[in-house]
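Presented below is the structure to which this report refers.
Number of protein chains: 2
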Amino acid sequence: MIAEIIATGDEIRTGALVDSNSAYIADQLEALGIDVLRHDTVGDNVDLLSAVFWEVGRRADIAVVTGGLGPTIDDLTTEAAARAAGVRLKMDEVALQDIIRFFEKRHRTMTDSNRKQAMLPEPSQRIDNPLGTAPGFSMHIGDCEFFCLPGVPPEMKRMLEDFVLPRCRELLGRKAEASCIQTISTFGLPESTTGEQLDGFNDRFPDIKLWLRAKFPEIQIRLYGRHASEAALLNEMKAASDWVREKIGHRVFSIDGEPMPAVVGRMLGERGETLAVAESCTGGLICDWLTNVAGSSEYFLLGAVTYANESKMSVLGVSKETLDRYGAVHEITAREMADGVRRRAGATYGISTSGIAGPDGGTPDKPVGTVCIGISTPEGSQGRRYLFPFGKRQMNKQIFAMSALDLLRRKLMGYPEKPHMFSQSPPAAADAIKDKQRS
Amino acid sequence: MIAEIIATGDEIRTGALVDSNSAYIADQLEALGIDVLRHDTVGDNVDLLSAVFWEVGRRADIAVVTGGLGPTIDDLTTEAAARAAGVRLKMDEVALQDIIRFFEKRHRTMTDSNRKQAMLPEPSQRIDNPLGTAPGFSMHIGDCEFFCLPGVPPEMKRMLEDFVLPRCRELLGRKAEASCIQTISTFGLPESTTGEQLDGFNDRFPDIKLWLRAKFPEIQIRLYGRHASEAALLNEMKAASDWVREKIGHRVFSIDGEPMPAVVGRMLGERGETLAVAESCTGGLICDWLTNVAGSSEYFLLGAVTYANESKMSVLGVSKETLDRYGAVHEITAREMADGVRRRAGATYGISTSGIAGPDGGTPDKPVGTVCIGISTPEGSQGRRYLFPFGKRQMNKQIFAMSALDLLRRKLMGYPEKPHMFSQSPPAAADAIKDKQRS
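From first to last, the protein sequence lines are chains A and B. According to my numbering, the first sequence is numbered sequentially starting from 6. According to my numbering, the second sequence is numbered sequentially starting from 6.
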């Protein structure tokens with residue numbers, strides 16, 4: 006079964022807005038085993054829209070259209086679809102009542118242009134929109150079944166889920182092939198090296214397609230397979246996934262798309278352990294990531310964003326001597342920050358970052374991209390230094406934050422510490438300085 | 006002049022990857038005054054690719070193609086373009102030398118598949134790629150000039166800038182129209198109400214196109230105009246922008262796309278004042294946003310992410326009595342948090358959040374979406390309560406964080422406090438409770 010996807014709207018045509026709807030819909034259809042042939046983007050132009058609908062009606066079995074169902078004169082999808090099919094519009098009384106109720110419930114005044122939204126092609130089937138005023142509809146243009154949905158992503162997703170996907174399953178009937186996607190998330194190798202380590206995959210697993218996807222700062226390995234037999238497909242996917250994990254090793258941090266903060270949080274939750282975080286250069290990003298995970302209040306006790314040295318001393322108890330002697334960006338300082346935040350929160354673990362995110366503030370000794378990461382555990386504490394080759398502030402914040410969480414993940418998993426590709430301090434150096442200073 | 010944009014690749018066709026290249030290219034071409042007619046997305050299929058290239062060659066004056074220039078057997082753009090134009094491929098010696106040098110410089114081994122990347126249609130013009138191995142090329146298919154570029158965004162952008170846009174300016178010659186885009190950012194009204202307040206815009210400014218764009222949690226108003234006379238266009242845009250600002254009032258927080266944390270940061274910097282932030286439910290997001298702005302260390306002194314009540318007491322000095330009597334989510338608690346973090350950091354202002362981001366933790370009194378925001382200034386402190394109707398954790402974190410920054414912005418601008426559409430506490434209520442308690 007062949008599908009095409011059409012995004013409409015001048016915002017998308019002119020590039021004022023990136024169209025993420027089409028990728029979402031393609032992903033959902035492909036997961037059902039439907040071949041998505043093409044996507045098309047067309048602006049608010051009824052002649053062109055109806056021409057494209059007519060073209061697609063000759064090529065595809067199903068088509069999903071987003072956008073152009075609103076109340077304004079720029080919303081032309083319904084008119085264009087009716088024109089392409091050579092049918093008229095008719096007021097849909099159920100849709101009209103839904104719209105009237107929508108406005109009543111919100112004590113807002115309904116306008117004539119909202120009435121227009123209830124005009125649907127005749128014949129067509131209404132697709133209810135529980136989240137907004139614009140109903141969708143399905144109809145035939147040529148031999149192709151069109152599904153016209155609003156462009157607002159939550160409304161589109163809900164109506165796809167409620168109506169379009171069930172209808173597609175019905176159309177597929179027994180012809181459905183099984184398909185399967187797996188996302189393996191890695192951190193710590195560049196995309197090119199990751200690709201080189203997976204050389205030979207295609208010969209070994211000819212039925213599985215492998216893509217690398219740089220979702221900075223992680224590299225995702227996506228496996229995609231489709232097969233008449235679901236059992237055969239699952240076996241092949243399992244073998245492929247195991248092979249990839251063996252090649253990439255500890256740099257794989259999840260095999261189901263789970264993001265790093267959720268991986269670390271899940272491990273802490275399972276152990277009944279807790280975490281506190283002291284951030285300088287990452288500026289709250291680690292805390293934000295951790296608290297995006299529902300239930301994080303179970304294990305995340307305290308975050309301290311200590312930009313100023315005074316705050317590092319007063320909130321975290323970093324010593325003035327350390328700051329004077331080594332500066333804010335140093336393994337020793339990071340270690341004291343991690344110790345301090347762990348102590349103040351009474352947490353099992355403390356992690357910390359101090360570095361130069363840029364664009365300013367770099368020195369020859371500590372250029373932009375330098376970060377020191379501290380980790381404090383019941384068994385002791387350490388500081389590490391890395392230098393990343395990125396000039397951009399937000400990229401640096403992200404890779405610094407990810408490195409700190411990854412260091413904690415490795416500690417929790419009991420992995421031996423390997424030299425990191427961007428390591429600047431050999432694992433034992435900073436600890437040795439500290440011990441010397443103490444003795 | 007009519008342009009079309011074609012994105013190629015199975016990653017995009019199947020929805021594994023969102024195509025942001027096409028929006029970027031459309032935006033750049035529209036800014037030159039070129040009409041982008043359609044975008045097309047096609048997978049790694051040489052028959053379909055060449056058919057689409059041939060179609061577009063009949064419709065458009067120029068076409069920009071991204072992707073499919075790599076070394077693998079899935080990279081088919083060059084072959085498809087040659088087939089659509091009915092020409093052959095030929096080794097481009099300059100491109101080959103570039104690729105050889107690229108590998109030599111990185112001490113990496115070049116393979117035969119990399120040689121393939123130097124095979125270009127004959128005739129065509131090579132487009133140098135200073136950032137990667139894949140050269141691009143331009144050629145005619147029908148009467149349309151095609152520009153084929155790699156899909157890697159930085160490489161595509163660089164080659165667009167260096168070659169495609171200058172060539173487009175040349176093609177446009179004296180026919181070039183001036184064009185102008187302005188982004189007005191607002192916070193505090195839903196999209197529909199914002200639209201209603203701008204009723205009549207189209208009649209008043211027929212040459213300017215207005216779009217609303219929900220970039221949650223802000224609503225952006227985008228104005229787009231194109232005109233033969235640049236001076237006339239700038240006058241019209243200025244008038245349109247002033248009219249919009251008068252209609253929306255204090256809810257406009259920037260007129261050049263500047264994000265809220267940068268707006269607040271700029272005001273603090275100009276006044277030589279400083280800020281400290283205490284976050285509970287927003288979990289570090291406010292700090293992260295603030296520190297994404299380069300130079301924020303000048304005014305941002307301290308952030309405290311105090312999830313646990315113990316941290317609220319020990320780090321911020323919130324009293325045990327307040328927590329026992331009112332709980333963590335209350336105007337009084339938020340006010341004490343703001344006072345506490347301001348005091349600890351020695352900052353001019355303190356802001357705080359405490360609320361229920363969800364999905365769990367709501368009660369009948371304090372449902373998910375409730376947030377209390379505190380603001381502490383040299384003149385005194387206040388607490389406010391809001392209830393937002395969003396169920397999702399990350400949406401709530403974002404709108405809570407934005408509300409806190411907006412409260413500070415209004416304070417800095419000296420705007421009178423208006424009832425917010427989601428306000429739960431009348432402005433004076435919490436302060437009255439506090440005063441009563443004190444007396």
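Don't be surprised by glycine CBs; every beta carbon is placed ideally from N, CA and C.
Among residues of its own chain, excluding the 5 on either side of residue i, which ones have a beta-carbon nearer than 7 Å to its beta-carbon?
i: asparagine 134 of chain A; result: Pro140, Gly141, Pro155, Glu160, Met164
i: valine 249 of chain A; result: Ile189, Leu203, Ile226
i: arginine 218 of chain B; result: Gln225, Arg227
i: leucine 65 of chain A; result: The identity of residue 65 of chain A in the sequence shown is alanine, whereas the question assumes leucine. Excluding residues within five positions, the ones whose Cβ falls inside 7 Å are Ile7, Ala8, Glu9, Leu42, Cys149.
i: valine 99 of chain B; result: Arg131
i: serine 27 of chain B; result: Ile10, Ala12, His44
i: lysine 252 of chain B; result: Gln202, Leu203
i: glycine 345 of chain A; result: Ala283, Leu321, Gly322, Val323
Establish whether the CB of residue i and some CB of chain B are separated by less than 9 Å.
i: asparagine 134 of chain A; result: no
i: cysteine 292 of chain A; result: yes
i: glutamine 399 of chain A; result: yes
i: alanine 433 of chain A; result: In this predicted model, alanine 433 of chain A has a pLDDT of only 49, less than 50, meaning its place in the structure is not dependable enough to derive any value.
i: serine 428 of chain A; result: no
i: aspartate 208 of chain A; result: no
i: glycine 289 of chain A; result: yes
i: arginine 330 of chain A; result: no
Is the CB of residue i under 9 Å away from at least one CB in chain A?
i: glycine 3 of chain B; result: Residue 3 of chain B lies beyond the range of chain B shown here (6 to 444); nothing can be said about it.
i: leucine 295 of chain B; result: yes
i: alanine 90 of chain B; result: no
i: valine 41 of chain B; result: yes
i: valine 69 of chain B; result: no
i: aspartate 103 of chain B; result: no
i: lysine 252 of chain B; result: no
In this structure, how does DSSP classify residue i when only helix, strand and coil are distinguished?
i: lysine 371 of chain B; result: coil
i: leucine 92 of chain A; result: Leucine is not the amino acid found at residue 92 of chain A; the sequence shown has valine there. In this structure, valine 92 of chain A counts as coil in the three-state DSSP scheme.
i: glutamine 225 of chain B; result: strand
i: serine 428 of chain B; result: strand
i: tyrosine 420 of chain A; result: coil
i: glycine 178 of chain B; result: helix
i: alanine 8 of chain A; result: strand
i: leucine 37 of chain B; result: coil
i: glutamine 387 of chain A; result: strand
i: aspartate 97 of chain B; result: coil
i: serine 190 of chain A; result: strand
i: methionine 115 of chain B; result: coil
Between residue i and the rest of its own chain, which residues show a CB-CB distance below 8 Å, the 5 nearest in sequence each way excluded?
i: glutamate 275 of chain A; result: none
i: asparagine 119 of chain B; result: Pro76, Ile104, Phe108, Thr138
i: threonine 82 of chain A; result: Thr13, Leu54, Val70, Gly72, Gly73, Leu74, Cys153
i: arginine 443 of chain B; result: Any answer about arginine 443 of chain B is weak, because its pLDDT of 48 lies below 50 and its placement is not dependable; what the coordinates show is given next. Answer for arginine 443 of chain B: no residue qualifies.
i: leucine 101 of chain A; result: Arg120, Ala123
So with CB distances below 8 Å, who are the chain A contacts of residue i?
i: leucine 447 of chain B; result: With chain B covering 6 to 444 only, the question about residue 447 of chain B has no answer from this structure.
i: serine 259 of chain B; result: Going along chain A, no residue has its Cβ under 8 Å from serine 259 of chain B, so there is no contact; the nearest lies around 17 Å.
i: alanine 283 of chain B; result: Going along chain A, no residue has its Cβ under 8 Å from alanine 283 of chain B, so there is no contact; the nearest lies around 10 Å.
Against residue i, what residues of chain B qualify as contacts under a CB-to-CB distance less than 7 Å, listed in chain order?
i: asparagine 119 of chain A; result: Correct list: empty, because the minimum Cβ distance to chain B is about 10 Å.
i: serine 25 of chain A; result: Val23
Say yes only if the C-beta of residue i is nearer than 8 Å to one or more non-hydrogen atoms of the ligand FAD, and no if none qualify.
i: isoleucine 10 of chain A; result: Ligands in the displayed structure: none, and consequently the ligand FAD is not present.
Show which residues of chain B have a CB atom less than 9 Å away from the CB atom of residue i.
i: isoleucine 30 of chain A; result: Gly20
Output, in chain order, the set of chain A residues within a Cβ distance shorter than 9 Å of residue i.
i: glutamate 35 of chain B; result: Arg18, Thr19, Gly20, Ala21
Looking only at its own chain, which residues have a Cβ that is under 6 Å from the Cβ of residue i, when we skip the five neighbours before and after it?
i: phenylalanine 206 of chain B; result: Leu215
i: leucine 295 of chain B; result: Pro266, Ser301, Phe305
i: glutamate 16 of chain B; result: Leu22
i: proline 432 of chain A; result: No answer about proline 432 of chain A holds up, because its pLDDT of 47 lies below 50 and its placement is not dependable.
i: valine 282 of chain A; result: Ile291, Cys292, Gly308, Ile356
Give the residues of chain A in contact with residue i, contact being defined as C-beta atoms less than 7 Å apart.
i: serine 302 of chain B; result: Tyr312
Under 8 Å Cβ-Cβ, which residues of chain B neighbour residue i?
i: alanine 299 of chain A; result: Gly363, Pro364, Asp365, Arg398
Quiz item: Taking a cut of 7 Å between CB atoms, which residues from the region 173-189 of chain A lie near chain B?
Solution: none
Quiz prompt | Residues from the region 346-374 of chain A in contact with chain B, defined by Cβ distance under 9 Å | solution = Arg349, Ala350, Gly351, Ala362, Gly363, Pro364, Asp365, Gly366
Practice problem: Taking a Cβ distance cut-off of 7 Å, strictly less, list which residues of the region 210-234 of chain B are near chain A, in chain order. | Solution: Trp216, Arg218, Arg227
Exercise. May I ask you to list, following chain order, the residues of the region 43-56 of chain A that have a beta carbon less than 9 Å from some beta carbon of chain B?
Key: Arg43, His44, Asp45, Thr46, Val47, Gly48, Asn50, Leu53
Quiz prompt | Short-range partners of chain B found in the region 259-275 of chain A, where Cβ spacing is below 9 Å | solution = none
Quiz prompt | Interface positions of the region 131-161 of chain A facing chain B (Cβ-Cβ less than 7 Å), listed along the chain | solution = none
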